[in-house]
Amino acid sequence: MTGAREVEAARWRFLRGGAATIGDSAVRAVVLASWERSRAHAVDTERLGASFVGHGGPPATPLEAAGAVLDEAHADNPEFAGSLLLVDADGLVRVRRDGDPALSDLLDAVRLVPGYRHAEAAVGTTAATLALHEGTALAVEGPEHFHPQLSSLAAAAAPVGTGRPDLAVVVVRHAADGAADQLPWARALARRVDDQGTRRRRARVLALHDALDAAGADGAPWAVATDGDVVLASSGVRRVAPEDQQSLSDRALAALVIDEPPRPHHVDLPSGTCAEVAVHEIRADGVPVGCVLTGGPAEHDEAPAATEARRRQGSHVAPTARRDFAAPLRDDRSAAERTHAEARVRANRELLSPYLRARQEVVANLGHRRHQVLLGETGVGKRTLALEQFHRLHPDGAVTVVECARIGDTPAATDPLAGLAEASPSRPHLALLRGIQALGPVAARRLDESLRVLVARTDPVVVVGCLDTASVDATRPYGLLLRHFHETVRVPALRYRADELGDIAQSVLRTMTTGRSLRLSHQVVRVLEGYPWPGNINELEDVLRYVVARKPVGVVQAPDLPSLCFTSRAPKLSMLETAQCDAIIQALYEARGNRYRAAAMLGIARSSLYRKIDAFGISYIA
Ligand SMILES: Nc1ncnc2c1ncn2[C@@H]1O[C@H](COP(=O)(O)OP(=O)(O)OP(=O)(O)O)[C@@H](O)[C@H]1O
Numbered sequence: 001m002t003g004a005r006e007v008e009a010a011r012w013r014f015l016r017g018g019a020a021t022i023g024d025s026a027v028r029a030v031v032l033a034s035w036e037r038s039r040a041h042a043v044d045t046e047r048l049g050a051s052f053v054g055h056g057g058p059p060a061t062p063l064e065a066a067g068a069v070l071d072e073a074h075a076d077n078p079e080f081a082g083s084l085l086l087v088d089a090d091g092l093v094r095v096r097r098d099g100d101p102a103l104s105d106l107l108d109a110v111r112l113v114p115g116y117r118h119a120e121a122a123v124g125t126t127a128a129t130l131a132l133h134e135g136t137a138l139a140v141e142g143p144e145h146f147h148p149q150l151s152s153l154a155a156a157a158a159p160v161g162t163g164r165p166d167l168a169v170v171v172v173r174h175a176a177d178g179a180a181d182q183l184p185w186a187r188a189l190a191r192r193v194d195d196q197g198t199r200r201r202r203a204r205v206l207a208l209h210d211a212l213d214a215a216g217a218d219g220a221p222w223a224v225a226t227d228g229d230v231v232l233a234s235s236g237v238r239r240v241a242p243e244d245q246q247s248l249s250d251r252a253l254a255a256l257v258i259d260e261p262p263r264p265h266h267v268d269l270p271s272g273t274c275a276e277v278a279v280h281e282i283r284a285d286g287v288p289v290g291c292v293l294t295g296g297p298a299e300h301d302e303a304p305a306a307t308e309a310r311r312r313q314g315s316h317v318a319p320t321a322r323r324d325f326a327a328p329l330r331d332d333r334s335a336a337e338r339t340h341a342e343a344r345v346r347a348n349r350e351l352l353s354p355y356l357r358a359r360q361e362v363v364a365n366l367g368h369r370r371h372q373v374l375l376g377e378t379g380v381g382k383r384t385l386a387l388e389q390f391h392r393l394h395p396d397g398a399v400t401v402v403e404c405a406r407i408g409d410t411p412a413a414t415d416p417l418a419g420l421a422e423a424s425p426s427r428p429h430l431a432l433l434r435g436i437q438a439l440g441p442v443a444a445r446r447l448d449e450s451l452r453v454l455v456a457r458t459d460p461v462v463v464v465g466c467l468d469t470a471s472v473d474a475t476r477p478y479g480l481l482l483r484h485f486h487e488t489v490r491v492p493a494l495r496y497r498a499d500e501l502g503d504i505a506q507s508v509l510r511t512m513t514t515g516r517s518l519r520l521s522h523q524v525v526r527v528l529e530g531y532p533w534p535g536n537i538n539e540l541e542d543v544l545r546y547v548v549a550r551k552p553v554g555v556v557q558a559p560d561l562p563s564l565c566f567t568s569r570a571p572k573l574s575m576l577e578t579a580q581c582d583a584i585i586q587a588l589y590e591a592r593g594n595r596y597r598a599a600a601m602l603g604i605a606r607s608s609l610y611r612k613i614d615a616f617g618i619s620y621i622a
């Protein structure tokens with residue numbers, strides 16, 4: 001190979017004048033092709049463009065298998081003064097194991113750190129991106145790296161698996177030590193990672209089959225086993241109605257994320273069948289790999305006719321006879337009755353989810369370009385709600401977010417809406433004013449001017465102002481702006497969204513633990529539902545950050561929560577919650593305990609009904 005100095009000189013010539021300025025033999029053709037691609041991507045050679053993007057989704061090869069191979073390699077070769085890495089097809093560093101402290105400092109400095117992306121488009125030529133691009137093992141040494149800051153490294157990379165590999169093993173050393181002689185080792189490690197991955201995948205699928213067989217041997221009419229990727233159903237399940245099969249599979253998949261009680265419990269299937277199911281964990285080599293749902297049709301599909309009592313917190317008395325209130329939902333009724341039933345479903349839905357109602361209002365206002373103020377406690381998700389719904393309505397729309405607290409209150413401060421007021425945009429545009437309560441008098445007057453122009457025009461700009469409930473006082477400077485808004489929508493506090501709390505917490509957790517498996521136990525969701533969340537989602541994020549710092553993977557249990565979550569319980573039911581609770585009891589009663597029909601009558605999802613039944617402590621409906 002050409003000496004390092006010649007390559008370095010060739011790279012500087014290339015950076016100034018392109019491929020035409022260097023001779024054929026100065027650099028290898030694959031490296032030159034990668035330099036060309038890096039140049040086309042306008043890779044910045046002054047600043048290293050590696051950015052932190054989190055830990056990404058799971059690649060096809062299980063990372064725990066790959067990590068174990070690299071640990072073993074270091075343990076078997078204690079004299080090896082280098083680092084071993086796994087880099088995925090996006091250039092994301094997934095795993096790193098170090099053998100030399102000086103080199104690991106260097107790798108930290110150039111951000112070859114798990115969670116950082118070293119794609120060719122960001123940092124130029126590297127061994128990993130080249131090996132994955134070419135589909136073969138390759139080394140990149142010193143100045144062959146396109147980016148000068150990577151010149152002190154030499155790396156040999158080999159793709160894991162064949163076809164379209166999504167992972168590469170990289171052996172990294174100091175540039176002075178070279179890396180070409182490490183290619184056979186990189187290849188051998190890649191083969192071992194691939195073998196381990198295949199072995200673990202096979203073991204997982206075998207464990208699912210074993211669980212299915214065991215359920216059959218125990219006499220369970222239905223069994224569904226899943227690891228999240230593969231769903232296996234027993235012959236009994238394949239004989240039930242397709243929508244019931246789907247519902248059982250969904251339930252098994254959901255149980256991977258939400259704890260289902262292991263004891264048998266009732267579920268209503270879409271066909272109206274009442275079933276009894278239980279969910280158990282599946283382990284392979286002592287590690288949880290999935291779950292199996294077993295069960296069958298419930299012995300008594302209909303609720304026992306003799307039991308008429310219903311109660312909520314001991315206060316409800318049953319009427320003397322059953323009535324078929326669900327009848328208007330059936331097709332053989334008149335159009336007027338159907339309309340009435342639909343109106344009732346709508347009213348129920350609105351009663352049961354103030355958040356859903358707020359969301360519908362926000363969408364309608366955005367759709368009709370009616371400027372609106374979102375009113376709610378700090379951190380309830382006003383900004384997120386407006387942004388999400390605007391992007392759903394207008395995927396190609398543009399957004400200007402104005403942080404009102406940051407606008408200076410001096411005549412010299414710039415008006416963030418001035419540009420929008422001057423130039424009329426051609427595509428939908430959302431102007432989101434966050435925290436309007438923080439505006440000073442001068443800033444409010446300037447925004448008032450821009451808003452006057454914006455709202456008078458017919459172009460597709462829609463304005464949303466976010467106002468903290470605690471600061472509602474129209475005599476403050478923001479009061480001047482209120483005349484520009486057509487609508488006010490109240491975004492309910494998190495404590496009134498108890499039924500969604502588990503989902504919100506799980507979604508926040510997912511963003512915090514990208515790629516890692518961390519979920520909340522059933523019991524933890526119950527504890528979270530019982531806390532009043534005065535700081536709303538912001539506070540929930542703080543609590544989950546605390547949890548993640550102490551428990552990065554696994555299942556979060558109640559003792560992992562901060563004591564604060566246990567100290568203050570949710571207040572007694574509000575009037576709204578009491579009305580919701582009554583509506584549920586009424587619907588369950590009318591549907592004779594069939595939760596599937598009750599959810600349809602209420603116009604909400606069954607999962608939502610289950611959560612509300614738990615959250616309100618509705619203990620028995622017959
Ligand atoms: N549905 C949701 N699921 C998960 N996280 C959410 C959801 N809605 C909001 N969040 C998160 O909660 C936090 C607060 O949300 P957001 O900034 O939208 O609230 P806000 O009411 O506008 O806050 P503020 O009153 O401070 O202006 C953000 O980190 C956001 O990502």
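Per UniProt numbering: the sequence shown = residues 1 to 622. Where a beta carbon is used, it is the ideal one built from N, C-alpha and C, also for glycine.
- Under the Cβ criterion (8 Å, minimum of three pairs), the stretch 80-99 does not count as touching the stretch 208-218.
- Beyond the five residues adjoining it in sequence on each side, ALA4 comes within less than 8 Å, by CB distance, of GLU141, GLY142, PRO143, ALA175 in the same chain, given in chain order.
- If you check the CB distance, LEU432 and VAL402 come in under 8 Å.
- Residue pairing by DSSP places LEU189 in no beta bridge whatsoever.
- Take the alpha-carbon of LEU253 and the one of LEU528: they are about 23 Å apart.
- Note: GLY295 is bridge-paired with TRP222, VAL277 in the DSSP secondary-structure output.
- The continuous stretches of beta strand (DSSP E) do not include GLY603, and DSSP gives it neither H nor E.
- In this structure, the alpha-carbon of HIS209 lies about 32 Å from that of THR511.
- SER607 has its CB no nearer than 7 Å to any heavy atom of ligand 1.
- Pairing ALA20 with ARG11, the inter-Cα distance amounts to about 12 Å.
- By DSSP's assignment, GLN372 forms a beta bridge with VAL464, GLU487.
- With a cut-off of 7 Å, the C-beta of CYS466 is classified as near ligand 1, since at least one heavy atom of the ligand falls inside that distance.
- Rounded to whole angstroms, the gap between the alpha carbons of ASP100 and ARG204 is 35 Å.
- Secondary structure note for VAL43: it is in no alpha helix (DSSP H), with a DSSP letter that is neither H nor E.
- Exposure of ASN77 is indicated by the presence of fewer than 16 other C-beta atoms within 10 angstroms of its C-beta.
- If you look at GLY554, you'll find it in the beta strand (DSSP E) that goes 554-556.
- Taking non-hydrogen atoms of ligand 1 into account, the C-beta of ASN538 is found less than 7 Å away from one of them.
- For SER83, the uninterrupted beta strand (DSSP E) run begins and ends at 83-88, by DSSP.
- Distance from the CA atom of LEU167 to the CA atom of ASP582, rounded to whole angstroms, is 55 Å.
- Assigned with DSSP and collapsed to three states, TYR478 falls in helix.
- Excluding residues up to 5 positions away in sequence, nothing lies with its Cβ nearer than 6 Å to the Cβ of ARG28 in the same chain.
- Note that the C-beta distance between LEU540 and ALA505 is below 8 Å.
- Per DSSP, ASP98 is not a residue of any alpha helix (DSSP H); the beta strand (DSSP E) it occupies stretches across 93-98.
- Here DSSP, grouped into helix, strand and coil, assigns TYR589 to helix.
- In the DSSP assignment, GLU141 is bridged to ALA154.
- Counting C-beta pairs closer than 8 Å gives three or more between the stretch 35-53 and the stretch 118-134, which meets the contact rule.
- Around the beta carbon of PRO534, fewer than 16 other beta carbons sit within 10 angstroms, so the residue counts as exposed.
- Distance from the CA of ARG495 to the CA of GLY376, rounded to the nearest whole angstrom, comes to 12 Å.
- Selection GLU79, ARG369, VAL491 evaluated against ARG359 yields VAL491 as nearest (Cα-Cα).
- Taking a cut-off of 8 Å on C-beta distances, the stretch 102-111 does not touch the stretch 127-139, as fewer than three cross pairs fall below it.
- Contact annotation: the stretch 586-595 does not touch the stretch 544-560, with fewer than three C-beta pairs closer than 8 Å.
- Going by beta carbons, ALA68 and GLN196 fall inside the 8 Å limit.
- Counting along the chain, ALA168 sits inside no alpha helix (DSSP H); it lies in the beta strand (DSSP E) bounded by residues 167-174.
- Closest in C-alpha terms to ALA33, from the list ARG483, LEU564, THR125, comes THR125.
- By the criterion of at least three beta-carbon pairs nearer than 8 Å, the stretch 150-159 is in contact with the stretch 175-190.
- Cβ neighbours of PHE14 within its own chain (closer than 7 Å, five residues either side excluded): THR21, ILE22, TRP35.
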